[in-house]
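The sequence shown finishes on residue 77 if you use the numbering used here, and the numbering steps up by one all the way, no holes.
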Amino acid sequence: MQNIAEHMEVIGADGVHIGTVDKVEGNRIKLTKKDSGEGSHKGHHHFIDKGLVADIEGNKVRLSAKADVAVTMEEEK
């Protein structure tokens with residue numbers, strides 16, 4: 001997990017864009033606010049547990065869950 005770096009794209013197992021890495025905090029990946037979505041999610045950082053990371057492919061972090069499932073597992077702060 002030490003290979004996860006700022007500005008890497010986070011994608012689901014299905015290849016769908018989920019967000020962009022802001023930084024890693026403990027066991028979580030903090031996504032940039034620009035990928036925070038709409039409505040009540042807009043303007044908040046979202047976090048993804050590093051346990052969902054399946055692989056690092058070049059400049060992309062691929063998760064073990066599909067994008068629509070991974071988004072429901074995100075934690076807000």
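C-beta atoms are modelled at their ideal positions from N, C-alpha and C, and glycine is treated no differently.
Quick one: grab the DSSP three-state call for residue i.
i	result
residue 5	coil
residue 16	coil
residue 34	helix
residue 50	helix
residue 40	Reliability of the predicted coordinates at residue 40 is poor, the pLDDT of 46 falling under 50, and the value obtained from them is presented with this limitation in mind. Three-state DSSP puts residue 40 in a helix.
Is the beta carbon of residue j closer than 8 Å to that of residue i?
i	j	result
residue 47	residue 66	no
residue 63	residue 11	yes
residue 45	residue 34	no
residue 50	residue 8	no
residue 18	residue 71	yes
What does DSSP give as the partner residues of residue i in its beta bridges?
i	result
residue 55	62
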